[in-house]
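Numbering (our numbering), first residue to last: 84 to 149.
Comments concern the structure below.
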């Protein structure tokens, strides 16, 4: 029975902390776009023709050792 004197205030503090974190997350825009990241994975930038795009590093000349 004496443990309730500790557990009830501790649980109330925990509920307050969880509520404050949830309030902060909603106010800072953490839940604004829930679908966008899921679809962003599927929308890739691959070339449908199978041709690889040339990278800027492929235009550099190779220097032969003297």
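C-beta atoms are modelled at their ideal positions from N, C-alpha and C, and glycine is treated no differently.
When you compare only the Cα positions, how much space is there between residue i and residue j?
i           : j           : result
residue 100 : residue 86  : 21 Å
residue 125 : residue 113 : 21 Å
residue 91  : residue 108 : 26 Å
residue 95  : residue 119 : 35 Å
residue 127 : residue 84  : 60 Å
residue 104 : residue 98  : 10 Å
residue 106 : residue 115 : 13 Å
Could you pull out every residue in the same chain whose Cβ sits closer than 6 Å to the Cβ of residue i, ignoring the five residues on either side in sequence?
i           : result
residue 122 : none
Once you ignore the five residues that flank residue i on each side, which residues in its own chain have a CB closer than 8 Å to its CB?
i           : result
residue 111 : none
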